[in-house]
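Asks:
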Amino acid sequence: MAKNTMGTKLPRKLEQKMALMGEQIKLARLRRNLSIAQVAERATCSPLTVNRIENGSPTVSIGIYARVLYALQLDDDLLLIAKEDTLGRNLQDLSLKHRQRASKKS
0 MAKNTMGTKL PRKLEQKMAL MGEQIKLARL RRNLSIAQVA ERATCSPLTV NRIENGSPTV
60 SIGIYARVLY ALQLDDDLLL IAKEDTLGRN LQDLSLKHRQ RASKKS
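Residue numbers for the sequence shown follow numbering that gives the first Met the number 0, beginning at 0 and rising by one.
1. Taking a contact to mean a Cβ-Cβ separation below 9 Å, would you say Ala42 touches Arg11 in this structure?
2. Give, in chain order, every unbroken run of the alpha helix (DSSP H) that is at least 4 residues long and sits entirely within the segment 46-105.
3. Compute the Euclidean distance between the alpha carbons of Leu19 and Arg100, then round it to the nearest angstrom.
4. In its own chain, which residues sit with a C-beta less than 7 Å from the C-beta of Tyr64, not counting the 5 before and 5 after it?
5. Can you give the beta carbon distance from Leu73 to Ala39, rounded, assuming they're within the 8 Å contact cut?
Below, the structure written as structure tokens:
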């Protein structure tokens, strides 16, 4: 019987995003005319792992994702993760105290 861990069950919205990311990686591989085996060899992982990535499996480590992206020459895309933190910036701006100038002395 398979163990049900929190790491394997994601909210539906995240499952959809993982599936989309996997599809984008698969399309990048196909555009480069590479087989799963070739990407696996370049990323030093198994073809099954590359297949899991392309299917959006949440159990593959981010390090493996990074190696697959590197094998596809897309590793710079990792720098886009959380780059535009609009919510965080808005929260930070709200917490800044607005200074007021002292009144002019005559």
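No residue lacks a Cβ here, since even glycine has one placed at the ideal position from N, Cα and C.
In this text, all values refer to a predicted model and were calculated from it rather than measured experimentally.
Replies: Here's the rundown:
1. As a working mapping, residue 42 is identified with position 43 in the sequence shown. As a working mapping, residue 11 is identified with position 12 in the sequence shown. Contact: no.
2. 46-53, 61-70, 85-94
3. As a first step, residue 19 must be located in the sequence shown, where it is residue number 20. As a first step, residue 100 must be located in the sequence shown, where it is residue number 101. Taking the straight line from one Cα to the other gives about 51 Å.
4. Reading the sequence shown from its first residue, position 65 is the one you call residue 64. A distance below 7 Å between beta-carbons, with the five flanking residues on each side excluded, links Tyr64 to the following residues of its chain, in chain order: Ile52.
5. In the sequence shown, the residue the question calls residue 73 occupies position 74. In the sequence shown, the residue the question calls residue 39 occupies position 40. At roughly 16 Å, the Cβ-Cβ gap does not stay under 8 Å, so Leu73 and Ala39 are not in contact.
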